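> Line by line, the protein sequences give chains A and B. 1 is the number of the first residue of the first sequence in the numbering used here; add one for each residue after it. 416 is the number of the first residue of the second sequence in the numbering used here; add one for each residue after it.
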Amino acid sequence: MIIEMREFTRVEGNGKAEIVIEDGEVKDVRLQIIEGPRFFELLTLGRHYYDVPDLEARICAICYLSHSVASVIGIERAFGVEVPEEITLLRELGLIGEFLESHSLHLYLLVAPDVFGYPDAIRMATKHGELVKEGLALKAFGNRLRVVVGGREIHGINVKPGGFGRYPTVEELEEIERESEALLRLARRAVRLFAQLDPYGAKAKHFVATDGYLWGEKLISDEPGEFHYTERIEERSLVYSFAKQSRYKGEAFFVGALPRLLLKSEMLTPTARRLFEEHREKLETGYVSYNNLAQAIELVYSLERANEIAKTLLDRGIEGENVPVEPREGEGIGYVEAPRGLLIHHYRIDNSGNIAYSNIITPTALNHAMIEASLLKEARELYGEVDEGRMIGRLEETVRAFDPCISCSVHLVKL
Amino acid sequence: MMDKLKLGVFELTDCGGCALNILFLYEKLFDLLEFYEITEFHMATSLSEGNHYDVALVTGTVSTQRDLNLLKEARNHSEYLIALGTCATHGSVQGSVELPIREKLKAVYGDGGDPMRALDSKPVVEYVAVDFALPGCPYDKEEVYQVLMDIAKGIEPVRKDYPVCLECKLNEYECVLVKRGLPCLGPITYGGCKAVCVRSGLGCIGCRGPLPGEVNPASEYEILKSLGYDDEYIIRKFKTFAGWEP
């Protein structure tokens, strides 16, 4: 017998799951990504490098800047271009905006209705209007950062190899400094709220992240040593899903806010670090549901860090100069922490600046096996114990804890 | 008080941005909810209670059999259907990957056939009649607000009739095509985005598709050629969002 879950709600994109029952027991779970394939690597093949980050942004609306930045870093590494601190700080500011926008969307609009027992945030707003408004305020500020750095709320084209089309003004940076401080109170309240959630889903055994907090030159995991993705991560196609499945040394693994905190807590800002220590014991159990709490702590981190960056840039002043980019034959990988976890853009570029090879692996594809493992564990615990409706409700919450981005996950190619 | 209109949001294959942009309306979303009740919107709500929609917003391209079924469902059960965003109106970036679907699938997934029934990505407007088409990758959120308000008040929404260039002039942005020689599709692209890319000092990438009527793509083509861009580059740029032949 197969129990078919309907298409997931309150997640980005189209997916569902099947629970396979044999002899009265849960035998297997299949996560089906039914969002149509979008063939981004084929789209970018042969295209001039300068236009590629704008195209890659279209992979995902919620984290378009992560894609632009990963793409730009991959291209710059292929050409051996180094950019000064001003440009890296601004990219970081944009990625922080994305964390704020994406995490607050996830926590307040998609997860909070589960906490309070509503089908959605709009209906939840009748009784918990303040909370919804707080979420929207954080989200709007995140989007403000995306507009300032990225050019617009969704699919801006301001992030370019070697720099930016337009640099922020002093007034914009002052506004960011002010707002990030004012909103910190709300983020701290979010941590208290999401710390109350029960553990559910599987406990992750392996975690993978970039070696810097928001991006890196290499990857790190719960095991010693830095590595490139090709050394430890393998992808394979599935017959029931448009997303491929990745494994770390043959096993399911976890990327996202919880893995970042567990692997990189020493890089956090002061208040975020204190909150991490306060909840460390809980987080270290590795239950995937604590990803929600980890995201709330990252809201605090993001606001503190945005404040630091704005201050630094205001103190030293903005020069607004791009680094010249000369195309040459080369290969480069951009590793970025998208809100949902590790994002990989890998390119080979020919000497006229056109893309000759491209591979993109997104967080949801990396988490695919871990989502299945969590559904299996949860279904085994609940099947026969609670009615089917409640079981499916909890399974949906388990999927939601990963904050899956299904649109992102469906276009992986190795040529 | 009169009954609220029933609004459904249907997502086919896309990046999620056109659905997300509705949530980015913030307070204005609550203004809309004075007139509308959302009965289908799976990114935002677990409720799904509609079998009739006064207005259906459909985003994304038809890229699987599932998308096609959902589109027909939306069309058959709605009074007023809006193709929302460039995927739905013109096919956008995924529609511009030109290989036949079999070859694309093989390149990405190997020899596993087509168990999930993928189709070549095509815009919604190629499959069903739509009552209004609002392009943009993404569309400007003020525009969708205005369109939904117009419909709620019984007014037929108006399609804009000017190119991005006009919005540059109104905002007094420097012309990046003439002054800096950047490839800019502003002169032939359907306006309504407030020339947001030119605001960043960069050329319009044509994400809203061609302005219908009296535009001159041939002369845009000649301008770009005279600036030193080669044929293939220009043709690709034209085709990327709207499958537009110069």
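Note that beta-carbon positions come from the ideal geometry of N, C-alpha and C, so glycine has one too. Just so it is clear, the structure is predicted and the values come from calculations on it, not from any experiment.
In this structure, does DSSP put B:A544 in helix, strand or coil?
Note: B:A544 maps to coil in three-state DSSP.
> Pick out whichever of A:I21, A:L313, A:A356, A:A310 has its Cα sitting closest to the Cα of A:G330.
Minimum Cα distance to A:G330 is reached at A:A356.
> Identify each residue in the segment 505-520 of chain B for which the Cβ-Cβ distance to at least one residue of chain A is less than 8 Å, and report them in chain order.
Listed by position, the residues of the segment 505-520 of chain B near chain A (Cβ gap below 8 Å) are S507, V508, Q509, S511, V512, L514, K519, L520.
> Check the DSSP bridge columns for B:Y468 and list the partner residues they point to.
DSSP, once it has assigned bridges, lists B:S493 as partnering B:Y468.
> Within the 8 Å Cβ cut-off, does B:M458 reach chain A?
With 8 Å as the cut-off, B:M458 counts as an interface residue toward chain A.
> Identify the contact partners of B:V611 in chain A, using a Cβ-Cβ distance below 7 Å as the criterion.
By Cβ distance, chain A contributes G151, R152.
> Checking contacts by CB at 8 Å: is A:F39 closer than that to chain B?
Yes, because at least one Cβ of chain B sits closer than 8 Å to the Cβ of A:F39.
> Go ahead and label A:K139 buried or exposed: buried means 16 or more other beta carbons lie within 10 angstroms of its beta carbon, across all protein chains shown.
Result: buried.
> The ligand COA and B:D526: does the residue's C-beta get closer than 7 Å to at least one heavy atom of that ligand?
Of the ligands one can find in the structure shown there are none, so the ligand COA has no counterpart to examine.
> A:L197 to B:L534, Cα distance in whole Å?
Those two C-alpha atoms are separated by around 41 Å.
> So with CB distances below 7 Å, who are the chain B contacts of A:G165?
By Cβ distance, chain B contributes S615, G616, L617.
> List the endpoints of the continuous alpha helix (DSSP H) containing B:D646.
Per DSSP, B:D646 belongs to the alpha helix (DSSP H) from 646-657.
> How do the segment 597-614 of chain B and the segment 622-635 of chain B stand: do at least 3 beta-carbon pairs fall below 8 Å, yes or no?
A contact exists between the segment 597-614 of chain B and the segment 622-635 of chain B.
> Quick one: measure Cβ to Cβ for A:R77 and A:G334, integer angstroms, because I've assumed they're closer than 8 Å.
That pair is a contact at about 7 Å.
> Our contact map puts B:L427 next to B:V477 with C-beta atoms below 8 Å; I'd like the distance itself, whole angstroms only.
Rounded, the Cβ-Cβ distance is 6 Å, consistent with contact.
> I want to see whether chain B comes within less than 8 Å of A:T364, judged by CB atoms only; does it?
Answer no: the Cβ-Cβ gap between A:T364 and chain B never drops below 8 Å.
> Buried or exposed for A:P404, please, with buried defined as at least 16 other CB atoms from any protein chain shown within 10 angstroms of its CB.
With 16 or more Cβ atoms within 10 Å of its Cβ, A:P404 is classed as buried.
> Please confirm whether B:I497 and B:D446 have their CB atoms less than 8 Å apart.
No, they are not a contact pair.
> Hey, how far is the Cα of B:G596 from the Cα of B:N631?
Whole-angstrom Cα-Cα distance: 19 Å.
> My understanding is that A:T285 touches A:P199, with C-beta atoms under 8 Å, so please give their C-beta distance in whole angstroms.
Right, their Cβ atoms sit about 7 Å apart.
> Residues bridged to A:V336 by DSSP?
Answer is A:W215, A:L343.
> Which first and last residues belong to the beta strand (DSSP E) in which B:G607 is found?
Neither: B:G607 is in no beta strand (DSSP E) and is coded neither H nor E.
> With a threshold of 8 Å between beta-carbons, can B:K503 be considered close to chain A, or not?
Checking the sequence, you will find Ala at residue 503 of chain B rather than Lys. Cβ-Cβ to chain A under 8 Å: no for B:A503.
> Determine, using beta-carbon pairs with one atom in the segment 229-240 of chain A and one in the segment 380-397 of chain A, whether at least three such pairs fall under 8 Å.
The segment 229-240 of chain A, when compared against the segment 380-397 of chain A, does not touch it at the 8 Å Cβ threshold.
> May I ask which residues mark the beginning and end of the beta strand (DSSP E) holding A:L109?
Element bounds for A:L109: n/a, residue is neither H nor E.
> Please compile the residues from chain B whose C-beta is within a distance smaller than 9 Å of the C-beta of A:R144.
Result: empty, since nearest Cβ-Cβ is about 11 Å, beyond 9 Å.
> Compare the Cα-Cα distances from B:A657 to each of B:I620, B:K487, B:V473, B:G616 and report the closest residue.
Of the candidates B:I620, B:K487, B:V473, B:G616, the one whose C-alpha sits nearest the C-alpha of B:A657 is B:I620.
> Under a three-way DSSP split, which group does B:Y451 fall into?
Note: B:Y451 maps to strand in three-state DSSP.
> Can you pull the chain B residues whose beta carbon is under 9 Å from the beta carbon of A:T169, in chain order?
Neighbours of A:T169 on chain B: none; closest Cβ ~13 Å, over 9 Å.
> Does the beta carbon of B:Y693 come closer than 8 Å to any beta carbon on chain A?
The requested residue 693 of chain B is not part of the displayed model; chain B covers only 416 to 661.
> Specify the secondary structure class of A:C405 as computed by DSSP and reduced to three states.
Correct three-state label for A:C405: strand.
> Do you know offhand how far B:E629's Cα is from A:R178's?
For B:E629 and A:R178, the distance between alpha carbons rounds to 48 Å.
> Any idea if B:F456 is buried or exposed, counting beta-carbon neighbours within 10 angstroms, 16 or more meaning buried?
Result: buried.
> What does A:P37 pair with, by DSSP beta-bridge criteria?
Answer by DSSP bridge pairing: none, since A:P37 is not bridged.
> Which residues in chain B have a C-beta closer than 8 Å to the C-beta of A:P119? List them in chain order.
Result: T460, S461, L462.
> Mind reading off the beta-carbon distance from A:R60 to B:C430? Whole number of angstroms is fine, and I expect it under 8 Å.
One detail in the question is off: residue 60 of chain A reads as Cys in this sequence, not Arg. With 8 Å as the limit, A:C60 and B:C430 qualify as a contact, their Cβ atoms being about 5 Å apart.
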